[in-house]
Every structure is written in structure tokens, then in C-alpha cells.
Amino acid sequence: MEKTKEDNDDSASSGKLIPPDIQRNSDGGGGGGGRGVVTVAVLILYDFLMSFMWVSLGGSIKFLVYYVLELAELTKCCFAVANMFLFSWICHVTGGASYNPLTVLSFAFSGDVSTFFLTLFGRIPAQVIGSIIGVKTIIGWFGQVRCSGPRLKVDIHYGALTEAFLTFTIVTVSLNLKKKTNKQTNPVPMSFFMKTWISSISKLSLHLIGLNFTGGSMNPATALGWAYARDDHLSKEHVIVYWLAPLIATVFAAGAFHLFSRPMTKKTKSD
Numbered sequence: 003m004e005k006t007k008e009d010n011d012d013s014a015s016s017g018k019l020i021p022p023d024i025q026r027n028s029d030g031g032g033g034g035g036g037r038g039v040v041t042v043a044v045l046i047l048y049d050f051l052m053s054f055m056w057v058s059l060g061g062s063i064k065f066l067v068y069y070v071l072e073l074a075e076l077t078k079c080c081f082a083v084a085n086m087f088l089f090s091w092i093c094h095v096t097g098g099a100s101y102n103p104l105t106v107l108s109f110a111f112s113g114d115v116s117t118f119f120l121t122l123f124g125r126i127p128a129q130v131i132g133s134i135i136g137v138k139t140i141i142g143w144f145g146q147v148r149c150s151g152p153r154l155k156v157d158i159h160y161g162a163l164t165e166a167f168l169t170f171t172i173v174t175v176s177l178n179l180k181k182k183t184n185k186q187t188n189p190v191p192m193s194f195f196m197k198t199w200i201s202s203i204s205k206l207s208l209h210l211i212g213l214n215f216t217g218g219s220m221n222p223a224t225a226l227g228w229a230y231a232r233d234d235h236l237s238k239e240h241v242i243v244y245w246l247a248p249l250i251a252t253v254f255a256a257g258a259f260h261l262f263s264r265p266m267t268k269k270t271k272s273d
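Using this note's numbering, you'd call the opening residue of the sequence shown number 3 and step up by one each time.
Right, here's the structure in full:
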């Protein structure tokens, strides 16, 4: 039986959301399995390095704006957008490296079991370790007083709901942007610049909204890095607000996205 065009589009949009390098190396013959393992290890290393760079560079920008240049909040926002453009470009050239567990987890739900376990037991731990080392490094450079991460500023229930809402929103935006930039499902895919611009402004806006509630985290790895430096990473507030709430919101956002964005398949008449 021949597949319809809609079936092909559906399989393309719901297939493995695994970085292109891993797909090419694992799908190709002639020793592709070995190359795939090597590429997975490289991707995990990229996640570690990106998480380290994200925390250390973000802390450096904050120190530069507030303590060296003594500029206003608007300047920090401009630096933040430029920083996100830089990391989006790094993500693009590395084939899908990331510094945020929520991003890789939301994409992993569209892949197979191996992709999910790679994310859960490989990429997320690498991001956490990179963030912890990044925080330790930035504190060593500028001191504990001048460097601080997200802190809960409201009660634990309000904070968890806030973090869950912000996470649900940004994951939904990210999944929609990824779909619009997919060349297999869009005749005219969205450009890299437009995708990064929308993503950066969305993340920055949600960060500012959550600033007075949860410190504007939406990145469990970064939050854990700073909490580990303060030695409160095992507290109930940290686990519930910065891990449990956003992870649950990510699951719901990914499920809702794939439920409502799945194209309708046309039934073909059999001769």
C-alpha cells in the first residue's frame, strides 16, 4: 500500500528529533554504529561546555553591567539578547547542543526510547555538571557577594505555579519554532535569524516576568548550579520549584503540542 503525502509529513514531523550528526552517523552503514556512539559522546561534551559557558558568560555580563559599567537594566537586556543569539548559533553549528534540560527533554519526547534515555541520563547530567562548575568559576572570579543566581521570593506553592506556567509557555514557543523551521514540513521554513529573535525575546520576557517570583530561572541546571554553591540544592523549595514544577510543565507542554499539532491524515480508497 502506498503512503500518502500526509503520512510522510506526519512521520517527518513526529520522527526522531535527534541532532543531525547523530542521525547521519547512526543511520549510515559501514561502522555507523561506532561513529554514532562517538557523536553521542561529543554531543554530551558540547552540552557540558555550553552549560559552563552559559553560566560563566551570563555571570560575567551581569558583573560587567552592574559593577563595572554601572549601566541600566535596558543595557543588560541588550547584552542578554546578544548572548542568546551567540548560543543559538553555537547550538546550530554543533548539531543541537544545549544548556537547558527543558529544551532537550521537550524534544526527546518526539524521539524513540534511546533518544529519551540519552537525554535523561547523558545530556541533562552533563548540563548540570557544567552549570555547577560554571558557577564555581564565576564565584572564583568575582566573589560570592557580586554573583547570585535565582532565588525563590514568594511561597513555595506560588513559586511552583509560576515556574510551571513560564516553562509551559516557553516550551510551547520552542516546539512551535522548531516545527516552523523544519524543511520537511514547511515549504518556506522560518529563517534562523527570525527563529532566534522570537525565541530570545520570548525567553527574556518570561525571565523578566518571573524575576520577582522565582528569580526568572526556567533552567533547572542553572538554578541547581547556584543552589549547589549556596548548599541548598537539596532543599524542598529548590526541588519542587526549580525541578519538579518545570519538568511536569515540560511534559504537559510537549504532550499538548504533539496532540494539537498532529496533521490530519486522509483516508485513501482501496481499489
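Backbone N, C-alpha and C define an ideal beta-carbon position, used for all residues, glycine too.
Close Cβ partners of residue i (< 6 Å) along its chain, the five nearest in sequence each way excluded
i: I126; result: P103
i: C56; result: The question names Cys, but residue 56 is Trp in the sequence shown. Once the five neighbours on either side are set aside, the close Cβ partners of W56 are Y101.
i: L261; result: none
i: N221; result: N102
i: A225; result: P152, S219 and Y244
i: T77; result: V67
i: A255; result: F170, V173 and T174
i: M52; result: A99 and Y101
Where the alpha helix (DSSP H) containing residue i begins and where it ends
i: R232; result: P222 to R232
i: I242; result: That residue, I242, is in no alpha helix (DSSP H); it is neither H nor E in DSSP.
i: H209; result: F194 to G212
i: F278; result: What the structure shows of the chain is the stretch from 3 to 273, and residue 278 is not part of that stretch, so it cannot be assessed.
i: K78; result: E75 to V95
i: Q186; result: Element bounds for Q186: n/a, residue is neither H nor E.
i: P152; result: It is not in any alpha helix (DSSP H) - P152 carries neither H nor E in the DSSP assignment.
i: P127; result: I126 to F144
i: P103; result: P103 to A110
i: T117; result: V115 to L120
Same chain, Cβ closer than 7 Å to residue i, neighbours up to 5 away in sequence not counted
i: L206; result: C79, A82 and V83
i: T96; result: Y48
i: F194; result: H94
i: T105; result: S176
i: N214; result: K155
i: K185; result: P191
i: A231; result: V137, K138 and I141
i: G161; result: L154, F215, T216 and V243
i: L208; result: L168, T171, I172 and M220
i: G60; result: N85
i: I46; result: G124, R125 and A128
i: T164; result: G212, F215 and T216
i: A166; result: A247, P248, I250 and A251
i: S58; result: G136, T139 and I140
Buried or exposed by the 16-neighbour rule on C-beta atoms within 10 Å, applied to residue i
i: P189; result: exposed
i: W143; result: exposed
i: Y244; result: buried
i: F119; result: exposed
i: Y1; result: This structure cannot speak to residue 1, because the chain is shown only from 3 to 273.
i: A110; result: buried
i: H159; result: exposed
i: M196; result: exposed
i: G257; result: exposed
i: L210; result: exposed
i: G227; result: buried
Same chain, Cβ closer than 8 Å to residue i, five either side skipped, listed in chain order
i: F54; result: G132, S133, I135, G136 and T139
i: S201; result: M86, S90, V175, S176 and L179
i: F50; result: A128, Q129, I131 and G132
i: A229; result: G151, H235, S237, H240 and Y244
Contact test: residue i Cβ vs the ligand NAD heavy atom, cutoff 7 Å
i: K78; result: Among the components modelled here there is no ligand, and therefore nothing to report on the ligand NAD.
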